[in-house]
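Student: Be aware that the sequence shown starts at 461, since it is given in my numbering, and climbs by one per residue. Glycine included, each C-beta is placed from N, C-alpha and C at the ideal position.
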Amino acid sequence: MVSFGGLARLLFGSANGRRVRRFDPTVRAINALEPELEALSDEELVARTQRFREEIAGGKTIDDLLVPAFATVREAARRALGMRHFDVQMIGGMVLASGAIAEMRTGEGKTLVGTLPVYLAALEGKGVHVVTVNDYLATRDSGWMGRVYKFLGLSVGVITHGLSDDERRAAYACDITYATNNELGFDYLRDNMKYDRGQMVQRGHHFAIIDEVDSILIDEARTPLIISGPLDDRSDLYKTIDAFIPLLKPEDYELDEKQRQVSFTEEGTEKLEGLLRDAGHLQGESLYDIENVAIVHHVNNALKAHTLFQRDKDYIVRNDEIVIIDEFTGRMMPGRRFSEGLHQALEAKEGVTIQPENQTLASITFQNYFRMYKRLAGMTGTASTEASEFADIYGLDVIEIPTNLPVQRIDEDDEVYRTAEEKYAAIVEEIKAAAERRQPILVGTTSIEKSEYLADRLRKSGLQDFQVLNARYHEQEAYIVAQAGVPGAVTIATNMAGRGTDIQLGGNAEMRIDAELQDMPEGPERDARAAEIVADIKRLKQQALESGGLYVLATERHESRRIDNQLRGRSGRQGDPGRSKFYLSLQDDLMRIFGSERMDTMLTRLGLKEGEAIVHPWINKALEKAQKKVEARNFDIRKNLLKYDDVMNDQRRVIFDQRLELMDAAGLTETVDDMRGETIDMLISKHIPERAYPEQWESRQLAEDIREIVNLDLPIEEWAAEEGIDDSDIRKRVHEAADAAAAEKTERFGPEVTAYVQRSIVLQTIDGLWREHLVNLDHLRSVVGFRGYAQRDPLNEYKSEAFELFQSMLDNLRERVTQQLSRVEIQQRPPEPEPQDLPPMQAHHVDATTGEDEVDNSGRDPSDPSTWGHVARNEPCPCGSGKKFKHCHGVFA
461 MVSFGGLARL LFGSANGRRV RRFDPTVRAI NALEPELEAL SDEELVARTQ
511 RFREEIAGGK TIDDLLVPAF ATVREAARRA LGMRHFDVQM IGGMVLASGA
561 IAEMRTGEGK TLVGTLPVYL AALEGKGVHV VTVNDYLATR DSGWMGRVYK
611 FLGLSVGVIT HGLSDDERRA AYACDITYAT NNELGFDYLR DNMKYDRGQM
661 VQRGHHFAII DEVDSILIDE ARTPLIISGP LDDRSDLYKT IDAFIPLLKP
711 EDYELDEKQR QVSFTEEGTE KLEGLLRDAG HLQGESLYDI ENVAIVHHVN
761 NALKAHTLFQ RDKDYIVRND EIVIIDEFTG RMMPGRRFSE GLHQALEAKE
811 GVTIQPENQT LASITFQNYF RMYKRLAGMT GTASTEASEF ADIYGLDVIE
861 IPTNLPVQRI DEDDEVYRTA EEKYAAIVEE IKAAAERRQP ILVGTTSIEK
911 SEYLADRLRK SGLQDFQVLN ARYHEQEAYI VAQAGVPGAV TIATNMAGRG
961 TDIQLGGNAE MRIDAELQDM PEGPERDARA AEIVADIKRL KQQALESGGL
1011 YVLATERHES RRIDNQLRGR SGRQGDPGRS KFYLSLQDDL MRIFGSERMD
1061 TMLTRLGLKE GEAIVHPWIN KALEKAQKKV EARNFDIRKN LLKYDDVMND
1111 QRRVIFDQRL ELMDAAGLTE TVDDMRGETI DMLISKHIPE RAYPEQWESR
1161 QLAEDIREIV NLDLPIEEWA AEEGIDDSDI RKRVHEAADA AAAEKTERFG
1211 PEVTAYVQRS IVLQTIDGLW REHLVNLDHL RSVVGFRGYA QRDPLNEYKS
1261 EAFELFQSML DNLRERVTQQ LSRVEIQQRP PEPEPQDLPP MQAHHVDATT
1311 GEDEVDNSGR DPSDPSTWGH VARNEPCPCG SGKKFKHCHG VFA
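1) Give the straight-line distance between the Cα atoms of residue 496 and residue 1095, rounded to the nearest whole angstrom.
2) Between which residues of its own chain and residue 1242 is the CB-CB distance below 6 Å, once the five residues before and five after are set aside?
3) My output table needs one value for residue 905: the three-state DSSP class, helix, strand or coil.
4) When DSSP labels each residue in this structure, what does residue 689 get in the three-state scheme?
5) Alpha carbon to alpha carbon, how far is residue 1196 from residue 1267?
6) Answer yes if the stretch 733-749 comes into contact with the stretch 773-786, meaning at least three C-beta pairs across the two stretches below 8 Å, and no otherwise.
7) Between the beta-carbon of residue 973 and the beta-carbon of residue 993, is there less than 8 Å?
8) Thinking C-alpha only, which one of 704, 953, 1206 is nearest residue 1129?
9) Taking residue 1017 as the reference, give the member of 1042, 1003, 1004, 1029 with the closest Cα.
10) Only counting the same chain, and skipping five residues up and downstream in sequence, which positions put a Cβ closer than 7 Å to that of residue 1157?
11) Please determine if the stretch 529-548 and the stretch 601-610 are in contact, where contact requires at least 3 C-beta pairs separated by less than 8 Å.
12) Identify the residues that DSSP records as bridge partners of residue 1041: which are they?
13) Would you report the Cα separation of residue 926 and residue 877, rounded to the nearest angstrom?
14) Can you give the beta carbon distance from residue 1011 to residue 901, rounded, assuming they're within the 8 Å contact cut?
15) What would DSSP say about residue 780, mapped onto helix, strand or coil?
16) Mind listing, in chain order, the continuous alpha helix (DSSP H) runs of no fewer than 4 residues lying wholly within the stretch 1211-1245?
17) DSSP beta-bridge partners for residue 660?
18) Is it buried or exposed for residue 509, if we count other Cβ within 10 angstroms and need 16 for buried?
19) Take residue 713 as the anchor and find which of 1277, 768, 941 has the nearest alpha-carbon.
20) Any idea if residue 1091 is buried or exposed, counting beta-carbon neighbours within 10 angstroms, 16 or more meaning buried?
21) Can you list, in chain order, the residues of its chain whose CB lies under 7 Å from that of residue 468, leaving out five sequence neighbours each side?
22) Please check the pair residue 673 and residue 851, which I expect to be a contact at CB under 8 Å, by giving their CB distance rounded to whole angstroms.
23) Is residue 594 buried or exposed, if buried means 16 or more other CB atoms sit within 10 Å of its CB?
24) Which value, in whole angstroms, describes the spacing of the CA atoms of residue 1000 and residue 967?
25) Just reading off the beta strand (DSSP E) that residue 445 is part of, what are its end residues?
26) What do you get for residue 650, buried or exposed, if any count of 16 or more other CB atoms within 10 angstroms of its CB means buried?
27) Nearest to residue 1209 by CA position, among 1285, 1160, 1227, is which residue?
28) Would you call the stretch 524-537 and the stretch 545-562 in contact, with 3 or more CB pairs under 8 Å?
29) For residue 1026 and chain C, any beta-carbon pair shorter than 8 Å?
30) Here's the rule I'm using: 16 or more other beta-carbon atoms within 10 Å means buried, otherwise exposed. How should residue 980 be labelled?
31) Buried or exposed: residue 803, going by 16 or more other Cβ atoms within 10 Å of its Cβ?
32) Return helix, strand or coil for residue 1132, following the three-state DSSP convention.
33) Determine, using beta-carbon pairs with one atom in the stretch 660-676 and one in the stretch 694-713, whether at least three such pairs fall under 8 Å.
34) Taking the alpha carbon of residue 1135 as the point to measure from, which residue in 502, 1106, 1226, 1109 has its own alpha carbon closest?
35) Please report the Cβ distance between residue 869 and residue 1031, rounded to the nearest whole angstrom; I am assuming they are in contact, meaning their Cβ atoms lie under 8 Å.
36) Measure the Cβ-Cβ separation of residue 837 and residue 705 and say whether it is below 8 Å.
Rendered as structure tokens:
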């Protein structure tokens, strides 16, 4: 029976189908040019690039040139790669060129599709960024597709980890630049900490095409990019505040162990305010005044350390250090630290050495970074389930592109078992059955631990020949995934592993030739051996096809349907047969959270015996509804986080734009004169209130402030005693004295040195205050949620107080710049000002799939552990042993 919606789609077609059909006339126009371009020589084909550029200079847009440009790329790809774009790939290219997301099934050639819009956009000469999920894919794709671009006369660069600034600048200057999302974001942040425009590496954000767009803009975007540096030692403050907590009684705070939250009661707050006031740490009357944001943060951390964290359960003390204990595994996690000062609060509680806190020097979310591009597009196999998020956050439409050949994969209904033990027993038997019939099988797990658990069960059951893969070492990972289609291959992988690499039945000929013949010199012998490998791949592919194609077996449903669809999409590429099936138990996280008790009761009544499974389309639908709820909740969380980050982003853009203006300005004399003038006006207004009598003026204090900040010793008390004087006279005299002192200093230093000194001091002061401001915003963010208890909207409170903090920062900027410039002296004139170094810093981004902090430690010395910084447990040890850190220097004695 067909539903009303299904009937309407049969009559009128789907909305997506109608959008795709609009591209048909353009595809026909491109196809019509094919015979003409095939007849051209290589030189004539290459010459079209210069002709297109001249037409753009003459006023045409890239949209006007889409048909001839796409036809040119298709012919160039045929000659350079031996690959010709299908018509559906042309449609995918047009979707990308229009600034939308093209959803294309795995194996449909997304990498080749990207060449069409990338070439078209590169004709404008403003740079195109192709964004990939890891360095391996950036290097692979820039070399592979770069052959097409270079054939057509365009330059191609690639940004990978460890490049110098000069190498990065050269890569960004190319027509097309391949890079990972992390490298692009960190380069942007580092550029906005430079002191000279010539030191910056990026040249703007014109057009970006993101490969695996859902992974980057949704999964990776859950955590911001952070550049941090060491903070001044504040161990005394931690110790002082820690001493207050034991003085509190249980009625001074409310403890919720279930939610792991603790907060002060009204009585506790009053008691703490008294203690802080006596110790000289409280500004103003209330602990919650805006000036005390940092103190509130430290106080809350100290309370958490004493009430929520237990020694020998949550952490242990060893070798004068606090070592975290993993709550799930019970293992020690050496090298890992709690963030935002909590670890320091625990160190103060236990009386061990307090390690310096890391301070955020700069940060940005991927949402706000990629929204800077004038045009953004993306491609992936799975985006439609998150279409509303792409539209809301990025303004990107999702268009599904038809497959070149019909999909032959069979997606079976889920098998649901009562217990995880029963489920894994059934999975092991199913894997062994597939291996016996020589059907390649890819087993998807939701975590590294679960993949290792399943591998252990397979070994105990007698199956030894399989690969375990997780998202760690991308090059090795790509090779394993590429060969997962060999008959009889058993590959256990985390769901995200190997993205960007197709599983080809029979194996990947090119990768196998590279691996097996890498030491063999070019010549007839190597060619003959390569031909043998290609013939063997064809034979193996036929075997794999006869066994039913790739079998994707999933051990659990993910929170997101999109991740499940990615896993399914591994099978059935380019019209190949295939099969997918999910094995579930009522003890799985998703089933447990969404009503497994009711289902367990129902299955018991139905007489479900141990080892039996229930299979029904209704269960699939029920699970899909549960996943939709989780997706909606996660989207709301990300959206809420973004609302807070948007507040910081507006301020970030003001500061970064101001820095660029200051770097580009010929001189800053007018700017610093204005700053000095506003600072003087502020000081006079503070000590000489409007319409006050001279005897009410704070003349002595004003004179001291002018001496301290403007470095002028002026007889303000004598002026105030003059007959008939008013505040405007005082104002005029102070301004004249300050202007005269600045003019005299400029004459002494000379205009060039003055300009250099002014620019250096203004930029350094902005950077120092911005860092302090980021710390204040972090602290404000951590406590503003409590405003909800007072029926006030935390977001609105955050917006208004963040604005006040920003205004206060700008006032401080004027005052500090004035103070430093009024006191600066130069003994001798430098021949040529040296570029200033950036502060010591690390780049962090938490991997959304593993929870590990990916830290850029390019400055590590293998022989000096003090230079290593934070090392992730599964990272190769920096000493160079080749072992994982946890098995080398990360092991406790």
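Tutor: With the given structure in hand:
1) Taking the sequence shown and counting its residues from 1, one reaches residue 496 at position 36. Taking the sequence shown and counting its residues from 1, one reaches residue 1095 at position 635. Their backbone Cα atoms lie some 49 Å apart in a straight line.
2) Position 782 of the sequence shown, counting from 1, holds the residue named residue 1242. Answer for residue 1242: 757, listed in chain order.
3) Stepping through the sequence shown from its first residue, residue 905 is reached at position 445. Strand at residue 905.
4) Residue mapping note: residue 689 aligns to position 229 of the sequence shown, counting from 1. Three-state DSSP puts residue 689 in a strand.
5) Counting from 1 along the sequence shown, the entry for residue 1196 is found at position 736. Counting from 1 along the sequence shown, the entry for residue 1267 is found at position 807. C-alpha of residue 1196 to C-alpha of residue 1267: approximately 27 Å in a straight line.
6) no
7) As a first step, residue 973 must be located in the sequence shown, where it is residue number 513. As a first step, residue 993 must be located in the sequence shown, where it is residue number 533. Cβ distance < 8 Å, so residue 973 and residue 993 count as in contact.
8) Taking the sequence shown and counting its residues from 1, one reaches residue 1129 at position 669. Among 704, 953, 1206, the Cα nearest to that of residue 1129 is on 1206.
9) By one-based count along the sequence shown, residue 1017 stands at place 557. Cα-wise, what sits closest to residue 1017 is 1042.
10) Here the question's residue 1157 lines up with position 697 in the sequence shown. Cβ within range, chain order: 1147, 1148, 1180.
11) Under the three-pair Cβ rule at 8 Å, the stretch 529-548 counts as touching the stretch 601-610.
12) Translated into the one-based positions of the sequence shown, residue 1041 becomes position 581. Under DSSP, residue 1041 forms a beta bridge with 1013.
13) Here residue 926 is taken as the residue at index 466 of the sequence shown, counted from 1. Here residue 877 is taken as the residue at index 417 of the sequence shown, counted from 1. When rounded, the distance between both Cα atoms is 25 Å.
14) On the sequence shown, residue 1011 is found 551 positions in, with the first residue counted as 1. On the sequence shown, residue 901 is found 441 positions in, with the first residue counted as 1. At roughly 4 Å, the Cβ-Cβ gap stays under 8 Å, so residue 1011 and residue 901 are in contact.
15) As a position in the sequence shown, residue 780 is number 320, starting the count at 1. Three-state DSSP puts residue 780 in coil, outside helix and strand.
16) 1211-1244
17) For this step, residue 660 is matched to residue 200 along the sequence shown. Residue 660 is not bridged to any residue.
18) The residue you call residue 509 lines up with position 49 of the sequence shown. Buried, since its Cβ has 16 or more Cβ neighbours within 10 Å.
19) As a first step, residue 713 must be located in the sequence shown, where it is residue number 253. Residue 713 has its Cα closest to that of 768, out of 1277, 768, 941.
20) Looking up residue 1091 in the sequence shown gives position 631. Answer is buried; the Cβ neighbour count reaches 16.
21) Position 8 of the sequence shown, counted from the first residue, corresponds to residue 468. Reliability fails at residue 468, whose pLDDT of 48 lies under 50, so the model's placement of it is uncertain and the value that follows must be treated cautiously. Excluding the 5 residues flanking it on each side, residue 468 has no same chain C-beta neighbour closer than 7 Å.
22) Walking along the sequence shown from the start, residue 673 turns up at place 213. Walking along the sequence shown from the start, residue 851 turns up at place 391. Residue 673 to residue 851, Cβ: 13 Å. No contact.
23) Here residue 594 is taken as the residue at index 134 of the sequence shown, counted from 1. With 16 or more Cβ atoms within 10 Å of its Cβ, residue 594 is classed as buried.
24) Residue numbering aside, residue 1000 sits at position 540 when the sequence shown is read from its first letter. Residue numbering aside, residue 967 sits at position 507 when the sequence shown is read from its first letter. Cα to Cα, residue 1000 sits roughly 8 Å from residue 967.
25) In the structure as shown, the chain begins at 461 and stops at 1353. Residue 445 is therefore absent and cannot be evaluated.
26) By one-based count along the sequence shown, residue 650 stands at place 190. Classification of residue 650: buried, given that the 10 Å Cβ count is 16 or more.
27) Taking the first residue of the sequence shown as position 1, residue 1209 is located at position 749. Considering only alpha carbons, the answer is 1285.
28) yes
29) You won't find chain C in this structure, because it holds only one protein chain.
30) Residue 980 sits at position 520 when you count from the first residue of the sequence shown. Residue 980 should be labelled exposed.
31) Translated into the one-based positions of the sequence shown, residue 803 becomes position 343. A buried status is given to residue 803, since no fewer than 16 other beta-carbon atoms sit within 10 Å of its beta-carbon.
32) The count along the sequence shown starts at 1 and reaches residue 1132 at position 672. Here residue 1132 sits in helix by DSSP.
33) In the pairwise beta carbon analysis, the stretch 660-676 is classified as not touching the stretch 694-713: fewer than three pairs are separated by under 8 Å.
34) On the sequence shown, position 675 is the one that residue 1135 refers to. Residue 1226 is the option with its Cα nearest to residue 1135.
35) For the purposes of this step, residue 869 is taken as the residue at position 409 of the sequence shown. For the purposes of this step, residue 1031 is taken as the residue at position 571 of the sequence shown. The pair is a contact, with the Cβ atoms about 5 Å apart (cut-off 8 Å).
36) Against the sequence shown, residue 837 aligns to sequence position 377. Against the sequence shown, residue 705 aligns to sequence position 245. Going by C-beta atoms, residue 837 is not nearer than 8 Å to residue 705.
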